[in-house]
Structure formats: C-alpha cells, structure tokens
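42 is the number of the first residue of the sequence shown in the numbering used here; add one for each residue after it.
Built from N, CA and C at the ideal position, the CB exists for glycine as well.
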Amino acid sequence: AQADGLTPDHPLDFGDGEGSPPARLVEAGSKVLMAGAPLDTMTLRHHAEHLARVPGNRLRRYEAPILARGTVEWRMSEEFDTSDPSGPGLAEDSFGTIVREFLACGHGRQGMVGRAPSVLVDAAAICAFAVAWIE
C-alpha cells in the first residue's frame, strides 16, 4: 500500500529531483536492495546527481510522447544530463566507487540472496554520502 505513494504525479521536468520516486524513497526512509546487480547501476545515483551542486552541470532538453487525457501529446522536458559522470574528473564507474566506499565505511549490508551477491543500503544515507562525494 505504501508503494502507491511513490509514483503518482511524477514530475516530467527534472524527473529525479523533488517529488520524484527516488526522492520519495529517501523521504520514506526506504532501503535499496541490489541483488546481483553491478554497484554502478544503482538508479538512486540520479537523484544524488540532481541534488549535488556541481558547477557547469549540463541541461538536457528533449521531446517525448506522453499519454494525457487518452491521447498522445508531445511534450518538451528538461533534466540534468547524467549521460556522463557528474562533475569534473569523475570516472565512468564513479557511482560504483561511491557505493564501495559507502560499504567500506561500515554502512549498509552485504550478503547473498540466493546465489546473487547483494547489498542493502538505506536510501537517505547512500544519497547523502553520494552527494557529499560528488561535491
């Protein structure tokens, strides 16, 4: 039932910022479980990239079809460009590094889910750690 509150009214502009599902995960005190996934694929990273104050952060504008009132409408949207690592000098696997350092500091838990190496982290804690690391 609580999951229903994560996705309504998802903003189309800056879809990883305020009011987004990742922001609501953080606000709800949620945890993120990654079972068998590479650490650099944690999608909560986009929320951290949105929150980080990075000089020269690029904007991306694009047009996409949106279903509204039963018809498809084309709408312009904008967001921070996260196609490249955020910030000057960040490596391609920077978020994998962030998660590894977070775990090395004793935050989160690591173990197996079935045969999959897995990590469990607090969404707010990893997000705050990532923002500080990026800045």
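Run of the beta strand (DSSP E) containing residue i, from where it starts to where it stops
{"i": "E68", "result": "Counting along the chain, E68 falls outside any beta strand (DSSP E), though it belongs to the alpha helix (DSSP H) covering 62-68."}
{"i": "E119", "result": "112-121"}
{"i": "A105", "result": "100-109"}
When the options are compared against residue i, the one with the closest alpha-carbon
{"i": "L85", "options": "H148, K72, G46, D54", "result": "K72"}
{"i": "T123", "options": "H91, H51, F170", "result": "H91"}
{"i": "A89", "options": "P106, M75, G56, P79", "result": "G56"}
{"i": "C146", "options": "A76, P62, G152, A166", "result": "A166"}
{"i": "V172", "options": "H51, G58, L74", "result": "G58"}
{"i": "D50", "options": "A44, Q43, G60", "result": "G60"}
{"i": "V154", "options": "M75, A44, A109", "result": "M75"}
{"i": "V156", "options": "R110, L144, A78", "result": "It should be noted that the sequence gives Arg, not Val, for residue 156. If we check each option's Cα against that of R156, A78 comes out closest."}
{"i": "I107", "options": "A169, T48, L53, Q43", "result": "L53"}
{"i": "S159", "options": "A169, H87, L144", "result": "L144"}
{"i": "W174", "options": "A44, L161, S135", "result": "S135"}
Bridge partners - residue i, DSSP secondary structure assignment
{"i": "T82", "result": "In the DSSP output, where bridge partners are listed per residue, T82 has none listed."}
{"i": "A179", "result": "With the chain covering 42 to 176 only, the question about residue 179 has no answer from this structure."}
{"i": "G155", "result": "Per DSSP, none; premise fails for G155."}
{"i": "R150", "result": "L161"}
First through last residue of the alpha helix (DSSP H) which encompasses residue i
{"i": "S71", "result": "Element bounds for S71: n/a, residue is neither H nor E."}
{"i": "F170", "result": "164-175"}
{"i": "V140", "result": "135-145"}
Interface flag, residue i vs chain B, CB-CB below 8 Å
{"i": "R101", "result": "No chain B appears in this structure, which consists of one protein chain only."}
Does the segment 139-148 come within contact of the segment 112-123, defined as at least 3 CB pairs closer than 8 Å?
Segments in contact, no.
Would the segment 99-106 and the segment 62-77 be scored as touching if the rule is three or more Cβ pairs under 8 Å?
Cβ pair count under 8 Å is below three, so no.
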